[in-house]
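Peer 1: The structure that follows is given in the form of structure tokens.
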Amino acid sequence: MIEGGRRDTIRQEIIESLDLGLDLGMTHIDTAEMYGNGRAEELVAEVVAGRREEVFLVSKVWPSNASYEGTISACERSLARLKTDWLDLYLLHWPSDQYPIKETMRAMEKLVSEGMVNFIGVSNFDVKGLKLVEHSLTNERLACNQVQYHLEDRRLEQDLLPYCANRKIAIVGYSPFGHGGFPSPRSSGGTVLAEIAKRHERTPRQVALNFLTRHSGVFTIPKAARAEHIRENSGADGGWKLTEEDIAAIDRAFPLRSD
Ligand SMILES: NC(=O)c1ccc[n+]([C@@H]2O[C@H](COP(=O)([O-])OP(=O)(O)OC[C@H]3O[C@@H](n4cnc5c(N)ncnc54)[C@H](OP(=O)(O)O)[C@@H]3O)[C@@H](O)[C@H]2O)c1
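If you use this note's numbering, the sequence shown corresponds to residues 46 to 304, in order.
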């Protein structure tokens, strides 16, 4: 349990971190109704207040709420917590085994027609699931699939990436540092990243983020609370690119595994 004063400090640090990210030109804020049981959205509201137009604001409905009525109510609750009238992107967090995807997508289209949501997306869907989603949408297109993507887990490059590129569905890669399990500088992969980073006067993490976003239509959402981490991550793009040789070296160091 965290005592009250400590909780307020953490809260303030998170707000300051998000603010710093926006100041540095990062625009995508990813949240969800299930993060902290709604408390994450309430925190984001404090940052978004007064600078809503700068933010690409994303939230997600949890699958057990993903009936037609449930999706609409979940979105209304998220908007109330976020103190905003609209979401830039609204995602179904995971495929639901409780509600047919057609029902969820009908609700998503209603939310778009009501101006509460600009774009519809999903998270953690495979190609088969995406096809069902696309088939369920009648007026809107599927804009995004948010999936895990880091150097040790490049499985999406096999089928998802080509499918999404072809269908113009953005891929937003989560956990780009493997939930904090970034390759150690002493590992063989870590050494490759360090060498490339040195050549570009960047850091290994900036190299990793640049690698993960090397295809157009692929984005990444590193989570960082500490100011120095946010500064570092914001330098992962903007005016520099990995060379083909760098990409080939990373490819060899972190091979695509299908399991
Ligand atoms: N759709 C889904 O099902 C799903 C599932 C999981 C996650 N997500 C999303 O993806 C986001 C990121 O995922 P994640 O938290 O699992 O993993 P992550 O981004 O791979 O790693 C986060 C960890 O890396 C640290 N970190 C960040 N930048 C760093 C830097 N420059 N140097 C050293 N350490 C650094 C962070 O530390 P500090 O915080 O101390 O800065 C934190 O401990 C989440 O915030 C969430 O929005 C989505």
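Positions of the beta carbon are idealized from the N, C-alpha and C atoms, including for glycine. If you're wondering where the values come from, they're calculated on a predicted model, not measured in any experiment.
(1) Would DSSP call Gln-203 helix, strand or coil?
(2) DSSP beta-bridge partners for Ala-215?
(3) Any idea which residues DSSP pairs Lys-173 with across the strands?
(4) Would you decide whether Lys-105 is buried or exposed? Buried here means 16 or more other CB atoms lie within 10 Å of its CB.
(5) Identify which residue in His-73, Asp-130 and Ala-85 has its Cα closest to the Cα of Gly-160.
(6) Measure the CB-CB distance between Leu-205 and Val-192 and report whether it falls below 8 Å.
(7) Tell me, which residues are paired with Asp-75 by DSSP?
(8) What span of residues does the alpha helix (DSSP H) with Thr-149 cover, start to end?
(9) Measuring CA to CA, which of Pro-108, Arg-52 and Glu-58 is closest to Ile-275?
(10) Tell me the start and end of each unbroken beta strand (DSSP E) in the stretch 78-133 that is at least 3 residues and wholly inside, in chain order.
(11) Are there 16 or more other CB atoms within 10 angstroms of the CB of Gly-283, so buried, or fewer, so exposed?
(12) Is Asp-142 near ligand 1, in the sense that its beta carbon is under 7 Å from a heavy atom of that ligand?
(13) For Leu-136, which beta-bridge partners are listed by DSSP?
(14) So what does DSSP say about Phe-256, is it helix, strand or coil?
(15) Is it true that the stretch 161-181 meets the stretch 132-142, where meeting means three or more beta-carbon pairs spaced less than 8 Å apart?
Peer 2: Quick answer:
(1) Coil, per DSSP.
(2) Cys-189.
(3) DSSP output for Lys-173 lists no bridge partner at all.
(4) It is buried - the Cβ of Lys-105 has at least 16 other Cβ atoms within 10 Å.
(5) Between Gly-160 and the set His-73, Asp-130 and Ala-85, the nearest pair of CA atoms involves Asp-130.
(6) Yes.
(7) DSSP lists Val-103 as the beta-bridge partner residues of Asp-75.
(8) That run of the alpha helix (DSSP H) goes 146-158.
(9) With distances taken between Cα atoms, Ile-275 lies closest to Glu-58.
(10) Counting only runs of 3 or more residues that sit fully inside the stretch 78-133, the beta strand (DSSP E) segments are 101-106, in chain order.
(11) That one is exposed.
(12) Flag unset: Cβ of Asp-142 not near ligand 1.
(13) In the DSSP assignment, the residues bridged to Leu-136 are Lys-105 and Gly-166.
(14) In the structure shown, Phe-256 falls within a helical segment according to DSSP collapsed to helix, strand and coil.
(15) In short, these stretches touch, since the Cβ pair count reaches three.
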